[in-house]
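Sequences listed follow chains A and B, in order. Using full-length UniProt numbering, count along the first sequence one by one with no gaps and you end on 117. Using full-length UniProt numbering, count along the second sequence one by one with no gaps and you end on 558. In what follows, a structure is listed as structure tokens, so that the remarks can point back to it.
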Amino acid sequence: MTTDTPAPATSVPEERYLAVQQSEDFAKLRKTLRGFIFPMTVAFFLWYALYVILSAYARGFMDTKVVGHINVALVFGLLQFVSTFLIAWLYSRFAARQVDPLADKIAAELTEKGEAA
Amino acid sequence: MNLTFLAAEAGDSTARTLTITLFLVFVAATLAITVWASRQTKTATDFYAGGRSFSGFQNGMAIGGDYMSAASFLGIAGLIALYGYDGFLYSIGFLVAWLVALLLVAELLRNSGKYTMADVLAFRMRQRPVRTAAAVSTITVSIFYLIAQMVGAGALVALLLGIRPGTTFLGMDADAAKIATIVLVGALMIIYVTVGGMKGTTYVQIVKAFLLMGGAALMTVLVLAKFNFNLSSLLGAASDASGKGEAFLQPGLYYGKEVAGNATQTFYNKVDLFSLGIALVLGTAGLPHILIRFYTVPTARAARRSVLWAIGIIGTFYLFTLALGFGAAALVGGEAISAQNAAGNTAAPQLAEALGVDFFGGDTGGAVLLAVIAAVAFATILAVVAGLTLASSSSLAHDFYANVIKRGETSEKQEVNVARISAFVIGAVSIVLALFAQSLNVAFLVALAFAVAASGNLPAILYSLFWKRFNTAGATWAIYGGLLAAVVLVFFSPVVSGTPTSMFKTADWQWFPLNNPGIISIPFGFLCGWIGTMLSKETDEQKYAELEVRSLTGAGAH
Chain A
1 MTTDTPAPAT SVPEERYLAV QQSEDFAKLR KTLRGFIFPM TVAFFLWYAL YVILSAYARG
61 FMDTKVVGHI NVALVFGLLQ FVSTFLIAWL YSRFAARQVD PLADKIAAEL TEKGEAA
Chain B
1 MNLTFLAAEA GDSTARTLTI TLFLVFVAAT LAITVWASRQ TKTATDFYAG GRSFSGFQNG
61 MAIGGDYMSA ASFLGIAGLI ALYGYDGFLY SIGFLVAWLV ALLLVAELLR NSGKYTMADV
121 LAFRMRQRPV RTAAAVSTIT VSIFYLIAQM VGAGALVALL LGIRPGTTFL GMDADAAKIA
181 TIVLVGALMI IYVTVGGMKG TTYVQIVKAF LLMGGAALMT VLVLAKFNFN LSSLLGAASD
241 ASGKGEAFLQ PGLYYGKEVA GNATQTFYNK VDLFSLGIAL VLGTAGLPHI LIRFYTVPTA
301 RAARRSVLWA IGIIGTFYLF TLALGFGAAA LVGGEAISAQ NAAGNTAAPQ LAEALGVDFF
361 GGDTGGAVLL AVIAAVAFAT ILAVVAGLTL ASSSSLAHDF YANVIKRGET SEKQEVNVAR
421 ISAFVIGAVS IVLALFAQSL NVAFLVALAF AVAASGNLPA ILYSLFWKRF NTAGATWAIY
481 GGLLAAVVLV FFSPVVSGTP TSMFKTADWQ WFPLNNPGII SIPFGFLCGW IGTMLSKETD
541 EQKYAELEVR SLTGAGAH
């Protein structure tokens, strides 16, 4: 099965899902994915919250000039762009390497068995 | 002095003719695309999801076109031009939000849903209550957003076409032009959606994304060229011209204001900033018109690529607005901007005029660039309202008509016909509401739409996808609880009554101190979802297994 064609909607009998959900492969897929997306979500949310809270409460620090008219607030804001782009890139690399092969394997097994049955 | 006046008038009429010509070209081109798309639209999947035939890149551009509203382009540029740094701070929430969509929502939703947000929410629940709740929330969020966009379009037209008080255009004074614009925008969005469905709407959004990025990029380069590509000297010139000095480059002129001698108000202002920030970040991944875009690609991987492209284009765009806003502050000046529009919404077009005069041969150049940017602004509004109309009519037809009223016993053809009728009805209702609201300050409705999406929709989506125990009661409690909390708190907030800038200036029933309800309503929505779940014994292990396996692997996806 190629990665870009989804399995037809009707090819998996419903009772197969429960067995797959309880399989080791699936547990590993779930753990791998959640092990990345949950901590990363907490991390970027706290990083953003820190930025907003500093903008509200640490104005002296944010107003500090770094070079010319560029101050800490601007650098901090631009770093939010950098971190967003970076996390997006890290996730796409992680998903392609760690998640997609596992997901494809399980999906392929499911649809094959589905078609056989 | 008469000469200057005449020159300005001549410039106005050149710009006006050009704006209208360019706008008509855009409308003609998009209508042609819409008619072409209608020929490709045969099945329900075509109508709701563009046949799932778009590439990740195309969908990423369309997401950009769907998301970057007039509030982003004109609003943020204006906020930066008038209040400096705080406008930039505002834009960052809109970008970071996309990480929620990327990490937690886009792919899983693509794998487990079909046409609407409710497909995922109702997957393992009792269909009728959950789909009813989802339809109510989808239509509420979309209509709030639509009214804000349409009233914004009406307010802009007189300014962009240069209709001054006491003068007329095609026999219309400024007020008549406002009404005509709201009706025209409404009529066009109804045509895009009823005729072109998701395919037509998507192409309109893609074209708009390219126009907007092109226009913003050109202006950014010109602004930077003016300051020898030295960001620091641009900032310096902006802060000098603003009359506020370095404070213009620092947080605090607009959000989280410190009120001397009033510690309570200062406290509320700062909490309000945080409340707005979390609603922006958590709201995006709960906006129905954004969520349905993930169904237009063939696979979860293409949905992932769409979000990556969207993050790229949206992030780049907000970096452009930084240059546009500070450029407008430096080259046009705060006084000239607030004289045109108190909220600064004309900062970007005014900057375009100034840059055109500077770089492209005097007044004619100014008129040309002004016309281009004004036309881009209209295109921006049209693409967003079309997306909103489509999302709400899809939900009305697919969730409410087909699955609640007809209990799933309806043909595809019937359902699509109902979706078309719904688009017409929702469009008509929005036109009427926008006409009633046109003299009110409704800019807060965009932030309210984000707050409702973050408080009601997002908890329901996340619990659905990740929490096994979640059930029908939990889903309806989360959606209604979050929706009501956000709307009720805003109703009693200063944006609706009690202050000179409120929607109702002369009334006062305000008791909630914040403009943004997110800090209360978002936790409340999550809490409601949890309580509702715990109060009900319903669970469906079989269906949860199916949802989980499908969402993570894509097996059995539509």
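The beta-carbon is built from N, C-alpha and C at its ideal position, and this holds for glycine as well.
| Check | Outcome |
| --- | --- |
| Measuring only between beta-carbons, confirm whether A/VAL75 sits less than 8 Å from chain E. | Going by chain labels, chain E is absent from the structure shown, which instead holds the protein chains A and B. |
| Assign B/ALA263 to one of two classes, buried (16 or more other C-beta atoms within 10 Å of its C-beta) or exposed (fewer than that). | exposed |
| Mind checking B/SER13: buried by the 16 CB within 10 Å criterion, or exposed? | exposed |
| Can a CB atom of chain B be found closer than 8 Å to the CB of A/PRO6? | The predicted position of A/PRO6 is uncertain, since its pLDDT is 47 and thus under 50; a value taken from the coordinates is nonetheless stated next. Closer than 8 Å: yes. |
| Starting from the C-beta of A/TYR48, find all residues in its chain whose C-beta is less than 8 Å away, skip the five residues before and the five after it, and write them out in chain order. | GLN80 |
| If we call anything under 8 Å between Cβ atoms a contact, is B/ARG128 one with B/VAL404? | yes |
| Report the residue from B/VAL151, B/PHE144, B/MET189 and B/ASP173 whose alpha carbon sits nearest the alpha carbon of B/THR30. | B/MET189 |
| For A/VAL52, decide whether its Cβ has a neighbour in chain B, counting only Cβ atoms nearer than 8 Å. | yes |
| In angstroms, rounded to a whole number, what distance separates the CA positions of B/GLY166 and B/ALA81? | 28 Å |
| Could you check the C-alpha separation between B/TRP511 and B/ILE147 for me, to the nearest Å? | 25 Å |
| I'd like to know whether the C-beta of B/GLU546 is nearer than 8 Å to at least one C-beta of chain A. | yes |
| Considering just the uninterrupted stretch of the alpha helix (DSSP H) at B/VAL193, what are its terminal residues? | 174-226 |
| Report buried or exposed for B/PRO349, applying the criterion of at least 16 other Cβ atoms within 10 angstroms of its Cβ. | buried |
| Chain B beta carbons: is any one of them nearer than 8 Å to that of A/LEU33? | yes |
| Does B/TYR83 have its Cβ less than 8 Å from a Cβ in chain A? | no |
| In the DSSP assignment, find the alpha helix (DSSP H) that holds B/VAL136 and state where it starts and stops. | 127-160 |
| Return the Cβ separation of B/ALA557 and B/SER395 in integer angstroms, given the expectation that the two are a contact with Cβ distance under 8 Å. | Contact doesn't hold; Cβ gap of about 20 Å is too wide. |
| Measuring only the C-alpha atoms, how far is B/TYR255 from B/THR380? | 26 Å |
| Check each candidate in B/GLY171, B/SER72, B/ASP66 and B/GLY215 and name the one with the smallest Cα separation from B/VAL368. | B/GLY215 |
| What would DSSP say about B/ILE531, mapped onto helix, strand or coil? | helix |
| With 8 Å set as the bound, which would you pick, yes or no: does the beta-carbon of A/PHE85 sit closer than that to a beta-carbon of chain B? | yes |
| Please give me, in chain order, every unbroken run of the alpha helix (DSSP H) with length at least 4 that falls completely inside the segment 53-78 of chain B. | 56-67 |
| Following the continuous alpha helix (DSSP H) through B/VAL429, name the residue where it begins and the one where it ends. | 412-437 |
| Can you pull the chain B neighbours of A/PHE94, defined as C-beta to C-beta under 8 Å? | In chain order: nothing, as chain B lies at least about 10 Å away. |
| Do B/ALA328 and B/PHE26 have their beta-carbon atoms positioned less than 8 Å apart in this structure? | no |
| In the DSSP assignment, what are the bridge partners of residue 121 of chain A? | No information on residue 121 of chain A is available, as it lies outside the stretch 1 to 117 that chain A covers here. |
| Considering only C-alpha positions, which residue in the set B/ALA302, B/SER455 and B/LEU211 is nearest to B/ALA279? | B/SER455 |
| Since B/LEU74 and B/ALA371 are thought to touch, with beta carbons under 8 Å apart, how far apart are those beta carbons, to the nearest angstrom? | Not confirmed; about 15 Å, so no contact. |
| What does DSSP give as the partner residues of B/PHE267 in its beta bridges? | Bridge partners of B/PHE267: none, in fact. |
| Using the three-state DSSP reduction, which class does A/SER55 fall into: helix, strand or coil? | helix |
| Contact between the segment 167-185 of chain B and the segment 510-525 of chain B is defined here as three or more beta-carbon pairs at a separation below 8 Å; is this criterion met? | no |
| Within 8 Å of any Cβ in chain B, is that where the Cβ of A/GLN98 sits? | no |
| What would DSSP say about B/SER497, mapped onto helix, strand or coil? | strand |
| State the Cα-Cα distance for the pair A/ILE87 and B/GLY315, rounded to the nearest angstrom. | 13 Å |
| Under a Cβ-count criterion, where at least 16 other Cβ atoms within 10 Å of its own Cβ denotes burial, should A/ALA103 be classed as buried or exposed? | buried |
| So, with DSSP's three-state summary, where would you put B/PHE504? | strand |
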